[in-house]
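Engineer:
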Amino acid sequence: MISLQNLVKKFGSFAAVDGVSLDVTPGEIHGFLGPNGAGKTTTMRMIAGLLKPDSGRILVNGHDLATAPEAAKASLGFIPDRPFIYEKLTAGEFLRFHAGLYGLDGDVSDRVREMLEVFELGRWEDELVESFSHGMKQRLVMSAAFLHKPQAIVVDEPMVGLDPRGARLIKQIFRRMSERGVAILMSTHTLEVAQEMSDRISIIVKGRIIARGTVDELRRMAGSQDDRLTPVFLKLTGGGGLQEIDEV
Ligand SMILES: Nc1ncnc2c1ncn2[C@@H]1O[C@H](COP(=O)(O)OP(=O)(O)O)[C@@H](O)[C@H]1O
Ligand SMILES: [Mg+2]
C-alpha cells in the first residue's frame, strides 16, 4: 500500500504540491487525475524518493520513506513518464542491470525472461534497445519496475503515446498485478484513461486534491452542488480543453 499524509513540496514560494493526502490500498488501481501542471509528477517523484518533501509523510508498504528509505524503496516500483534507457544495451542486459540495482541476487535469468514474456518482449531479449519502438521501450521500463516484485507501483502517465494494442496490454498487466494485491497509483491527465482503469480516482488541481471517489461517486458529486468539482469535471470530460482547467 501507499499512504501519503499532508505532502507539501514548494519550488521557491510556489507550492507545487500543497497538502496532498492519499491512500492506495493493496489490490487497488488508484487514478491520480489532474490537468498538466497540477502536481502529479512532483508527488510521484517524492514517493520514488527522487525529491524531498518540505513536509508530510510517505509510507510505502508501511515503511516510512524518511526513516526507512531502503525498505520503502525495495517495496516500490516507479515508472517515470520520460524514462531514460541506455540504448546500447539489449533488453536482457537492461533488466539484469536493473536487477543489480535492486540488489536481486542469485540467478535472475528466469525472472528476467518471465518479465520479458509478460510484457511481450520475449523475442527481443538480445536486441538493442535502440531498435525498439516507443511502446516497446515503455514496456521494457515497466518490466524493470516489476522485476523485484514490488507491493506498490507508481506509474506516471503510462498511456501517453501508446497505440491501442500497447495500451490494452498495459491495462491487462496492471489489472493482473492489482489482482495479486499490488497497490497501483497511476497518474493521467485524461478522464477517459482514469475512468477506464481506476477503482478510485483522486482529482488534483493546483497541488490540492479536490475530490476523490469511484467514477460513479465523482459523477454524482459533479452533478450535484459541488461548485469546485463541477467545472473541473466538465472540462476533464472534454468540455473546454485541458489548458482551461488551470484557470479554475
Ligand atoms: N523543478 C521544478 N522547479 C520549479 N517548478 C517546478 C519544478 N518541477 C515542477 N514545477 C512546477 O510545479 C507544478 C507541478 O508540476 P508537475 O508536478 O510536473 O505537474 P503534472 O505532473 O501534474 O503535470 C508546475 O507548475 C511546474 O511548472
Ligand atoms: Mg506530469
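Per my numbering, residue 169 is the first one in the sequence shown, and the count goes up by one each step. In this text, a Cβ means the ideal position worked out from N, Cα and C, and glycines have one as well. Bear in mind the structure is a predicted one, so any value in this text is a computation, not a measurement.
1. Can you name, in chain order, every residue of its own chain whose Cβ lies under 7 Å from the Cβ of Gln363, other than the five neighbours on each side?
2. Report yes if the CB atom of Asp331 is closer than 8 Å to the CB atom of Ser355, and no otherwise.
3. I need the boundaries of the beta strand (DSSP E) containing Ile377, first residue and last residue.
4. I'd like the list of long-range same chain contacts for Asp186, defined as Cβ closer than 8 Å, with 5 residues on each side in sequence excluded.
5. Looking only at its own chain, which residues have a Cβ that is under 8 Å from the Cβ of Lys305, when we skip the five neighbours before and after it?
6. According to DSSP, is Thr235 part of a helix, a strand, or is it coil?
7. Closer than 8 Å, CB to CB, is Met212 near chain B or not?
8. Ends of the alpha helix (DSSP H) at Met354?
9. In whole angstroms, give me the CA-to-CA distance for Ile341 and Leu315.
10. Please find out if some non-hydrogen atom of ligand 2 comes closer than 7 Å to the beta-carbon of Asp186.
11. Do Trp292 and Ala259 count as a contact pair if the criterion is CB distance below 8 Å?
12. Mind checking Gln411: buried by the 16 CB within 10 Å criterion, or exposed?
13. Taking the beta carbon of Gly199 as the centre, do at least 16 other beta carbons fall within 10 Å, making it buried, or is it exposed?
Structural biologist: Reading it off the structure:
1. Excluding sequence neighbours, Gln363 sits near Val383.
2. Not in contact: Asp331 and Ser355 (Cβ atoms no closer than 8 Å).
3. 376 to 381 is the span of the beta strand (DSSP E), which, as asked, contains Ile377.
4. For Asp186, where only same-chain residues beyond five positions count, the Cβ hits under 8 Å are Val176, Gly207, Lys374, Gly375, Arg376.
5. The residues are Pro251, Ile253, Val297.
6. Residue state, collapsed to three classes: coil.
7. Here there is only one protein chain, and chain B is not present.
8. Note, Met354: premise wrong, no alpha helix (DSSP H); beta strand (DSSP E) at 351 to 356.
9. C-alpha of Ile341 to C-alpha of Leu315: approximately 13 Å in a straight line.
10. Result no, Cβ not under 7 Å from ligand 2.
11. Contact flag set, yes.
12. Per-residue confidence for Gln411 stands at a pLDDT of 44, beneath the threshold of 50, marking its modelled position as unreliable; no derived number is given.
13. Within a 10 Å sphere around the beta-carbon of Gly199 sit 16 or more other beta-carbons, which makes this residue buried.
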